[in-house]
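Residue numbers (my numbering), protein chains in the order written: chain A, 219 to 457; chain B, 219 to 457.
Even for Gly, the Cβ is constructed at its ideal location relative to N, Cα and C.
Beneath this line is the structure, given in structure tokens, with notes to follow.
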DNA sequence: ATCTTCAATATATCAGCAATATATAACCAC
DNA sequence: GTGGTTATATATTGCTGATATATTGAAGAT
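Following this line, the structure appears as structure tokens:
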């Protein structure tokens, strides 16, 4: 039904560096590893929306038993990445224009607020971390690889979530980040010219981090909102 | 280690009406039913923070096999209601003053925004539903039972979440609602005099729903923020 | 007092069976 | 022959009980 050999080839060329800095703990259990692996494959559309995920196939492919596979699939269900239909099958969830609107609307609002909190709550040692991120962002000139763009973007967002100092908000925003990342991948698959534009978007983040550094909450919030929404409008053009 | 007989007695006297209007689908699987049952017991502090939850005990008590119990516990872990320590034990999570601050801070901000959306997006048939809720709220005079207060409160919030017309936001807010509900129960357990004051808080909602009905987004947002924060300050007094 | 060993106890995983939804084929009425 | 209905086969997840493995805390040796 779908070629695993081809998938493995793709995985190797992509090398998955986008996700290598997973904050998730030790990945100690098989179930956890299986979850992260499947989730990343879904986000990057290696497993496109609508794909049928058979427990038996995944067991063979991932070389684990049924329990880890089942627990991974269930967790993906709660995340909204798969839909489990009892005794019918488990499918990668579809995404439509409404999801695009809803996810980015929520994420823009919540994340911009979190950025305001970050500007208000930044401590000295975090300021140094921010400066380092700013330097890295400024050094990125010329065309970048997709995974580098997204890895850097993710690091900046995670930094903001952390500095906002609200662990529940962190989880909420990280989840919305993953949701919007998949939408972005789906859009890029259909329209590869999207990628270069994302580079420009990265430079917004310099301004945002600088605003956070000088404690300018209003400006930081404004830029964060614009940043998320610019992703949304880029995606909307091609969907 | 902990008395199940006593728990069953308490359950009967409470009769659990707070949660009888669960929006969760048919509760078709054993795992789903087990999850909801455990979650409600944790929220209402029938299973207090720190309680050790043994798979084997829960299997006997709930009269289900290992899989439903495990799946329920895992889902509770993702919700933040239990902490699973591999091969050590599963515990109902503790809550401290930081959780109180973080949960209510996030919920107040996100929910007040959702209330703004509700005011902007209310349709005619929903306006009628709102009017009916307002009537019910106005009819509640005199001392009320705890579960009636919370059931009504929950209906109002769910109504707002629904009218905001963003399914991701709905899930996020429903989760925060459950988190703050447990904090409230923990506080009430230590300080039962909290209950009567909650009644007054209910009447804020009449003003909020009326603001939503006339499309006054600013006022609706303001009241929603004050409503959630008033719960927070009542709880903070006793913790 | 400190380190080591070991038994107890808990979850993590596995393999097999049960239940059910779906598709397919057989059948019947017309 | 054709349309519709029912029986049956198949594929898939749901669930169970047994086994594997890791963690912990205490007993015992040093």
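A straight line joining the alpha-carbon of residue 442 of chain A with that of residue 297 of chain A spans about 24 Å.
Close to residue 384 of chain A, with beta-carbon spacing below 7 Å, are these residues of chain B in chain order: 320, 323, 324. Residue state for residue 270 of chain B is assigned as strand, using DSSP reduced to three classes. For residue 374 of chain A, no pairing in a beta bridge is given by DSSP. Of all residues in the region 374-408 of chain A, only 383, 384, 385, 386, 387, 389, 390, 393, 394, 397 place a beta-carbon less than 9 Å from a beta-carbon of chain B. Within chain A, the residues whose beta carbon sits less than 7 Å from that of residue 289 of chain B are 292, listed in sequence order.
Counting only residues of its own chain and dropping the five nearest sequence neighbours on each side, residue 439 of chain A has a CB closer than 8 Å to the CB of 330, 331, 333, 334, 337.
Among the residues of chain B, those whose CB is under 8 Å from the CB of residue 247 of chain A are 304, following chain order.
A Cβ-Cβ contact shorter than 8 Å links residue 291 of chain A with residue 308 of chain A.
In this structure, the straight-line span from the alpha carbon of residue 405 of chain A to that of residue 392 of chain B is close to 29 Å.
The shortest CA-to-CA distance from residue 374 of chain B to any of B/344, B/270, B/411, B/306 is the one to B/344.
Residues 310 of the same chain have their beta carbon placed closer than 7 Å to that of residue 266 of chain B, with the five preceding and five following residues left out of the count. By a beta-carbon distance limit of 8 Å, residue 394 of chain A contacts residue 325 of chain A. Their separation comes to about 4 Å. At a cut-off of 8 Å, the C-beta of residue 296 of chain B has a neighbouring C-beta in chain A.
For residue 409 of chain B, there is no enclosing beta strand (DSSP E), as DSSP marks it with neither H nor E. Between the C-alpha atoms of residue 363 of chain A and residue 315 of chain B there is a straight-line separation of about 44 Å.
Rounded to whole angstroms, the separation of the alpha carbons of residue 403 of chain A and residue 417 of chain A is 15 Å. Taking 7 Å as the upper bound on Cβ-Cβ separation, chain A lies near residues 327, 328, 331 of the region 327-346 of chain B. In this structure, the alpha-carbon of residue 445 of chain A lies about 19 Å from that of residue 328 of chain B. The DSSP-derived three-state label of residue 247 of chain A is coil.
Residue 256 of chain B is not a Cβ neighbour of residue 318 of chain B, given a cutoff of 8 Å.
Around the beta carbon of residue 303 of chain A, a 10 Å sphere encloses fewer than 16 other beta carbons of the protein chains shown; the residue is thus reported as exposed.
From the listed residues A/348, A/251, A/312, the smallest Cα separation to residue 270 of chain A is found for A/312. Rounded to the nearest whole angstrom, the C-alpha separation of residue 424 of chain A and residue 390 of chain B is 29 Å. A distance below 7 Å between beta-carbons, with the five flanking residues on each side excluded, links residue 268 of chain A to the following residues of its chain, in chain order: 309, 310, 312. Fully contained in the region 283-350 of chain A are the following beta strand (DSSP E) runs of length 3 or more, in chain order: 300-303, 307-310. Taking C-beta separations shorter than 7 Å and ignoring five residues to either side along the sequence, the partners of residue 412 of chain B in its chain run 405, 406, 452, 456, following chain order. The C-alpha of residue 261 of chain A is placed about 28 Å away from the C-alpha of residue 350 of chain A.
Of the residues assessed, residue 274 of chain B falls on the exposed side of the cut-off, its CB having fewer than 16 other CB atoms within 10 angstroms. In this structure residue 249 of chain B is in contact with residue 289 of chain B, their Cβ atoms being roughly 4 Å apart against a cut-off of 8 Å.
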